[in-house]
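Everything in the sequence shown is counted per full-length UniProt numbering, starting at 1 for the first residue and increasing by one.
Built from N, CA and C at the ideal position, the CB exists for glycine as well.
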Amino acid sequence: MPPMKVMQTAVVGTAGSLTYRLNLDGFPGNAWAVTYFAEIEDLRPNESRKFRLVLPGQAELSKAIVNIEENALGKYRLYEPGFTNLTLPFVLSFKFGKTSDSSKGPLVNAMEINKYLEKNEGSPDGKSLNEKLDLIVVWLI
């Protein structure tokens, strides 16, 4: 989990989307990823923040709608959806885009991408490979 200070800040897509292009060292490869969301703004009763991940070539991952206040059961509470079996390229382009019924753009506190490494018991460094993870963490402060 990200540090508390990270979860108290966020990047907000005031124009309706947040677009990213990341160079993932050590990729292409198999990975798992987690995104951390916590609503940090005071939304009025008539306001909502709903958005979805848009990942080109991964239509199945783009179906779910994120509603932080609903999924996290309140403001300032953590919601951390993730995917455990991804194949990611070296250059990863994606965006979070607001839904048509949302009055606010997306909000992201932090993301992490972890690469699966193959364990090889026969090699001298097999044990250390099992303990090592390629970890890409984006703290959005």
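Which partner residues of residue i appear in the DSSP bridge assignment?
| i | result |
| --- | --- |
| G29 | L88 |
| V11 | V108 |
| K95 | T19 and V54 |
So which of the options has the shortest CA-CA distance to residue i?
| i | options | result |
| --- | --- | --- |
| A10 | K98, Y116, R49 and A110 | A110 |
| L53 | F27, N30, Y116 and K98 | K98 |
| F27 | F90, L107 and A33 | F90 |
| E60 | L73, R44, E69 and F83 | F83 |
| I114 | A64, I68 and T35 | Reading the sequence as shown, one finds Asn at residue 114 and not Ile. Selected option, being the one with the closest Cα: T35. |
| P45 | E69, E118 and Y76 | E69 |
| S103 | D25, F37, L22 and L43 | L43 |
| L22 | E80, S62 and E112 | E112 |
| K75 | E41, P81, I65 and E47 | E41 |
Contact defined as beta carbons within less than 8 Å: I believe residue i pairs with residue j. What is the distance between those atoms, to the nearest angstrom?
| i | j | result |
| --- | --- | --- |
| L92 | M7 | Going by Cβ atoms, the distance from L92 to M7 rounds to 23 Å, so no, they are not a contact pair. |
| T14 | K95 | Rounded, the Cβ-Cβ distance is 14 Å, inconsistent with contact. |
| F51 | P106 | 4 Å |
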